[in-house]
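> I am attaching a structure below and will ask some questions about it afterwards.
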Amino acid sequence: MPQTITIDPVTRLEGHGKITIQLNGQGEVEDAHFHVTQVRGFERFSEGRPFYEMPSLMARICGICPVSHLIASAKACEAIMSVRIPHTAAQLRRMLNLAQMVQSHALSFFYLSSPDLLLGMDSDPGGRHIFGVVAAKPELGRAGVALRRFGQRIIELLGNKRIHPGWVVPGGVTEPLAPAKRDEILAMMPEAYHGIKLALAAYKQIAESFQPEIAVFANFQSNYLGLVNEDGSVEFTDGALRFIDSAGNVIEDGITATRFTEVIGEAVEPYSYTKFAYYKPLGYPEGSYRVGPLARLNIATSMGTPLADAELAEFKQLASGPVQSSFYYHHARLIDILYGIEKIEQILTDPLILDKHVRAIAGVNRLEGAGQAEAPRGTLHHHYKVDENGLITWANLVIATGQNNNAMNKGVLQAARHYVKDGKFTEGILNRVEAVVRTFDPCLSCSTHAFGQMPLALTLVDANGGTVDQIVRG
Amino acid sequence: MSQPKIACLILACGNTLRGDDGVGPWLADWAEEHFGDEPRVHIISRQQWTPDLAADLAGAETVLFLDCSVESIPGEIKLRAIEPAQLKPGIATHHTGAAELLALARELYGAAPRNSLLLTIGAGSTEFGETFSPVVAAAMPEVQRLLRDTLSTLLG
Numbered sequence: 018m019p020q021t022i023t024i025d026p027v028t029r030l031e032g033h034g035k036i037t038i039q040l041n042g043q044g045e046v047e048d049a050h051f052h053v054t055q056v057r058g059f060e061r062f063s064e065g066r067p068f069y070e071m072p073s074l075m076a077r078i079c080g081i082c083p084v085s086h087l088i089a090s091a092k093a094c095e096a097i098m099s100v101r102i103p104h105t106a107a108q109l110r111r112m113l114n115l116a117q118m119v120q121s122h123a124l125s126f127f128y129l130s131s132p133d134l135l136l137g138m139d140s141d142p143g144g145r146h147i148f149g150v151v152a153a154k155p156e157l158g159r160a161g162v163a164l165r166r167f168g169q170r171i172i173e174l175l176g177n178k179r180i181h182p183g184w185v186v187p188g189g190v191t192e193p194l195a196p197a198k199r200d201e202i203l204a205m206m207p208e209a210y211h212g213i214k215l216a217l218a219a220y221k222q223i224a225e226s227f228q229p230e231i232a233v234f235a236n237f238q239s240n241y242l243g244l245v246n247e248d249g250s251v252e253f254t255d256g257a258l259r260f261i262d263s264a265g266n267v268i269e270d271g272i273t274a275t276r277f278t279e280v281i282g283e284a285v286e287p288y289s290y291t292k293f294a295y296y297k298p299l300g301y302p303e304g305s306y307r308v309g310p311l312a313r314l315n316i317a318t319s320m321g322t323p324l325a326d327a328e329l330a331e332f333k334q335l336a337s338g339p340v341q342s343s344f345y346y347h348h349a350r351l352i353d354i355l356y357g358i359e360k361i362e363q364i365l366t367d368p369l370i371l372d373k374h375v376r377a378i379a380g381v382n383r384l385e386g387a388g389q390a391e392a393p394r395g396t397l398h399h400h401y402k403v404d405e406n407g408l409i410t411w412a413n414l415v416i417a418t419g420q421n422n423n424a425m426n427k428g429v430l431q432a433a434r435h436y437v438k439d440g441k442f443t444e445g446i447l448n449r450v451e452a453v454v455r456t457f458d459p460c461l462s463c464s465t466h467a468f469g470q471m472p473l474a475l476t477l478v479d480a481n482g483g484t485v486d487q488i489v490r491g
Numbered sequence: 219m220s221q222p223k224i225a226c227l228i229l230a231c232g233n234t235l236r237g238d239d240g241v242g243p244w245l246a247d248w249a250e251e252h253f254g255d256e257p258r259v260h261i262i263s264r265q266q267w268t269p270d271l272a273a274d275l276a277g278a279e280t281v282l283f284l285d286c287s288v289e290s291i292p293g294e295i296k297l298r299a300i301e302p303a304q305l306k307p308g309i310a311t312h313h314t315g316a317a318e319l320l321a322l323a324r325e326l327y328g329a330a331p332r333n334s335l336l337l338t339i340g341a342g343s344t345e346f347g348e349t350f351s352p353v354v355a356a357a358m359p360e361v362q363r364l365l366r367d368t369l370s371t372l373l374g
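Chains as they are written, first to last, in our numbering: chain A, 18 to 491; chain B, 219 to 374.
Rendered as structure tokens:
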């Protein structure tokens with residue numbers, strides 16, 4: 018008799034989603050889906066607003082990665098203005114974006130995923146959270162808190178606000194960097210380096226014991242997309258997109274924001290409010306791809322900073338081509354953090370970093386513009402059309418989670434097929450299926466919600482809607 | 219933690235767009251206006267308290283938490299001592315309360331303020347809006363007086 022297992026809501030995610038697992042009459046997994054159950058209406062309600070309001074409006078989509086939206090949005094506006102922002106403004110924005118990446122990755126790794134990694138997938142779910150990590154591994158707990166503070170403090174120093182800073186505007190930033198702020202950021206560097214080195218060492222120590230999970234956590238061949246510089250090094254704020262296939266061959270390079278819609282399409286599935294991005298020449302779903310930390314490291318030839326380059330070289334030893342298991346998003350996330358810290362330090366030594374010229378001014382010079390940046394979770398694309406008065410007539414956002422959507426669904430199915438046997442499951446199995454989604458660190462248009470307090474119910478339902486079995490958490 | 223400790227940390231919490239929930243940040247602004255020049259006082263105002271604030275607590279001699287309460291009678295003012303919570307299974311991780319923050323400070327940094335107080339006002343309404351309900355607005359003079367007196371006591 019066919020049955021359905023529902024995990025609703027999925028915990029320790031940024032946003033609200035659920036997982037359903039369909040079983041056949043023999044209790045084998047027939048299909049599985051990750052559903053995004055919340056609606057993002059930002060494209061629609063931005064219509065009619067002046068284009069220069071867009072960065073601060075779009076930033077409200079998320080309380081975790083508002084900076085990426087600010088930057089992608091400002092770049093789309095600058096395409097409408099036809100301006101090139103001053104060098105110092107570009108560097109300051111790059112630093113802001115990296116600071117956000119560091120704090121967001123610290124949240125993902127230490128707060129959301131390290132309870133699974135450090136305490137175990139089968140550990141007591143009541144203690145499987147950051148407080149449990151603090152009690153068991155206080156030094157790592159301190160490192161996680163310190164790295165998150167590091168990123169948040171830089172955002173606060175630059176943007177005068179920890180969340181939703183209004184400092185990034187079309188044309189650049191509203192004020193230059195003060196020397197005292199630069200010095201404060203530089204003073205935080207040693208603790209940040211200490212924290213990430215500790216985390217990398219701890220991860221490498223435990224990674225080997227997760228070989229069973231590595232084998233089935235969205236471990237399949239796929240394409241990858243991300244921003245790189247002209248020399249092939251990782252880039253978060255400028256550069257252009259590179260698309261590689263599952264063997265690591267560069268299929269398309271130098272994809273600018275203007276060309277994005279030429280090569281990337283969006284499909285819709287009836288079970289999710291999030292779209293499914295794909296590479297148009299390959300069609301859907303064959304053209305599906307992954308973005309984010311794993312993709313960035315797979316497409317890049319270097320990080321461009323010495324310590325992160327050494328880590329990248331080690332990372333690339335994990336496979337002969339692209340590293341395919343999504344479990345390695347955790348590893349890649351830590352390398353991203355190391356790169357971010359090094360790059361911020363490099364930016365602060367730029368002789369022009371205190372320059373006062375940080376904003377270009379212009380009006381509407383084009384009726385359409387697009388901008389792109391790397392959010393912590395992957396590539397983010399904003400595309401706007403305006404009328405002659407600069408009022409938005411159309412907007413479209415392609416977010417990282419949508420670009421990872423197909424891989425997340427395939428990953429959930431792969432893990433469910435591996436772990437759920439004869440229609441039976443345990444809390445540890447449930448947690449592993451959720452943990453597949455957590456590797457991607459999806460951001461489901463969250464601003465605030467109670468992910469740590471959400472109850473979790475996994476229900477086994479028969480074809481007549483009757484409850485066969487249920488596990489309730491929280 | 220080698221820096222000298224702050225004599226009094228004021229830690230406020232609330233959303234200024236949700237009526238009485240904004241009372242904590244409002245009081246933090248009021249304290250900034252009246253005690254901003256006092257070097258022994260450090261004021262932090264957040265929409266919610268998160269674990270990273272444990273480091274600030276570890277660096278403070280005393281702390282005064284400011285928040286609204288949906289459990290108190292609307293307009294009721296309460297000032298009470300707070301002890302560190304037990305870090306046990308089931309503890310909330312998204313919104314961290316004052317007691318959990320104190321526990322985290324102790325666990326992570328081996329330090330917590332020697333005197334920790336929580337000042338709350340019972341919420342009358344937390345609907346969307348940037349104004350206080352009449353009952354909370356009426357309580358504000360008393361809250362301000364209590365905040366001033368408490369701060370004087372904490373600073374010795």
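By construction, the Cβ of each residue, glycine as well, lies at the ideal position given by its N, Cα and C atoms.
All values derive from a computational prediction rather than experimental measurement.
Please identify the residue among V381/A, T396/A, H104/A, M138/A whose C-alpha is closest to the C-alpha of F277/A.
Residue T396/A is the option with its Cα nearest to F277/A.
> Please list, in chain order, the chain B residues whose beta carbon lies closer than 8 Å to that of I36/A.
The contacting residues do not exist; I36/A stays about 20 Å from chain B at best.
> With DSSP run on the structure shown, which of helix, strand or coil describes N240/A?
Of the three classes helix, strand and coil, the one that applies to N240/A here is strand, per DSSP.
> Can you list the residues of chain B that V429/A reaches, using a CB-CB cut of under 8 Å?
Those do not exist, as V429/A stays about 23 Å from chain B at its closest Cβ, beyond 8 Å.
> Closer than 8 Å between beta carbons: that is the criterion. Which residues of the region 221-232 of chain B meet it against chain A?
For the region 221-232 of chain B, which is checked against every Cβ of chain A, not one residue is closer than 8 Å.
> Are A107/A and Q389/A touching if we call contact CB-CB under 7 Å?
No, the pair does not count as a contact, with Cβ atoms beyond the cut-off.
> Whether or not the region 219-227 of chain A and the region 196-210 of chain A are in contact is what I'm after, with contact meaning three or more pairs of Cβ atoms, one per stretch, closer than 8 Å; do they touch?
Contact fails: fewer than three Cβ-Cβ distances are below 8 Å.
> Between M358/B, I228/B, A321/B, which lies nearest to P257/B when the distance is taken from Cα to Cα?
Checked all of M358/B, I228/B, A321/B; the closest Cα to P257/B is I228/B.
> Alpha carbon to alpha carbon, how far is Q169/A from L175/A? Give it in angstroms, no decimals.
Distance between the alpha carbons of L175/A and Q169/A: 10 Å.
> Quick one, which of Y436/A, D439/A, G243/A has its alpha-carbon nearest I316/A's?
Ranking Y436/A, D439/A, G243/A by Cα distance to I316/A puts G243/A first.
> Would you identify the three-state DSSP class for A346/B, choosing helix, strand or coil?
In the sequence as presented, Ala is not what sits at residue 346/B; that position holds Phe. Reduced to three states, the DSSP call for F346/B is coil.
> Since P302/A sits in a beta bridge, which residues does DSSP pair it with?
Its beta-bridge partners do not exist; DSSP assigns none.
> In whole angstroms, give me the CA-to-CA distance for A467/A and C79/A.
Unreliable positioning characterises A467/A in this predicted model, as indicated by a pLDDT of 29, which lies under 50. The coordinate reading is nonetheless provided below. Their Cα atoms are separated by approximately 14 Å.
> Going by Cα to Cα distance, which pick from L447/A, T366/A, L414/A is closest to S63/A?
Measuring from the Cα of S63/A, the nearest candidate turns out to be L414/A.
> Can you give me the C-alpha to C-alpha distance between Q431/A and L245/B, rounded to a whole angstrom?
So the two alpha carbons sit approximately 52 Å from each other.
> Tell me which same chain residues have a C-beta within less than 6 Å of the C-beta of K297/A, skipping the five on either side of it?
Answer for K297/A: V280, G282, listed in chain order.
> Beta-carbon separation of P103/A and V375/A under 7 Å?
Closer than 7 Å, so yes.
> How would you write the range of the beta strand (DSSP E) that Y401/A sits in, first residue to last?
395-403 is the extent of the beta strand (DSSP E) around Y401/A.
> Please check if any C-beta of chain B sits within less than 7 Å of the C-beta of V280/A.
With 7 Å as the cut-off, V280/A does not count as an interface residue toward chain B.
> Check whether chain B comes within 7 Å of G158/A, counting only Cβ atoms and requiring the distance to be less than that.
With 7 Å as the cut-off, G158/A counts as an interface residue toward chain B.
> Cβ closer than 7 Å: which chain A residues qualify as neighbours of P269/B?
Chain A residues near P269/B: I147, V162.
> Can you name the start and end residues of the alpha helix (DSSP H) that Q117/A belongs to?
104-123 is the span of the alpha helix (DSSP H), which, as asked, contains Q117/A.
> With distances taken from CA atoms, which of D439/A, Q363/A, T23/A is nearest L203/A?
Cα-wise, what sits closest to L203/A is Q363/A.
> For a contact defined as C-beta to C-beta under 7 Å, what are the partners of E325/B on chain A?
Ordered by position in chain A, the residues that pass the 7 Å Cβ test against E325/B are V151, A152, P155.
> State buried or exposed for V380/B, treating a residue as buried only when at least 16 other CB atoms are found within 10 Å of its CB.
Examination of residue 380/B is not possible in this model, given that chain B is present from 219 through 374 alone.
> Using CA coordinates, which residue listed in Y401/A, Y306/A, D353/A is at the minimum distance from I261/A?
Closest option to I261/A, Cα to Cα, is Y306/A.
> From P132/A to R455/A, what does the alpha carbon distance come to, in whole angstroms?
Approximately 12 Å, taken between the alpha carbons.
> My output table needs one value for H445/A: the three-state DSSP class, helix, strand or coil.
It is worth fixing the name first, because residue 445/A is Gly in this sequence and not His. DSSP places G445/A in helix when its eight states are reduced to three.
> Count the other C-beta atoms from every protein chain shown that fall within 10 angstroms of the C-beta of Y288/A, then say buried if there are 16 or more, exposed otherwise.
Classification of Y288/A: exposed, given that the 10 Å Cβ count is below 16.
> Hey, is the region 429-445 of chain A in contact with the region 40-54 of chain A, meaning 3+ C-beta pairs nearer than 8 Å?
Segments in contact, yes.
> Which residue or residues does DSSP assign as beta-bridge partners of H50/A?
Looking at the DSSP assignment, H50/A forms a beta bridge with T37/A.
> DSSP three-state call for R77/A: helix, strand or coil?
Three-state DSSP puts R77/A in coil, outside helix and strand.
> Whether or not the region 317-327 of chain B and the region 266-274 of chain B are in contact is what I'm after, with contact meaning three or more pairs of Cβ atoms, one per stretch, closer than 8 Å; do they touch?
Yes: at least three Cβ pairs fall under 8 Å.
> Exposed or buried, what is T291/A when buried is set at 16 or more other beta-carbons lying within 10 Å of its beta-carbon?
Buried: at least 16 other Cβ atoms inside 10 Å.
> Within the continuous alpha helix (DSSP H) that includes S90/A, where are the two ends?
Unbroken alpha helix (DSSP H) run through S90/A: 83-98.
> Compare the C-beta of R166/A against all C-beta atoms of chain B and say whether one is closer than 7 Å.
Answer yes: the Cβ-Cβ gap between R166/A and chain B drops below 7 Å somewhere.
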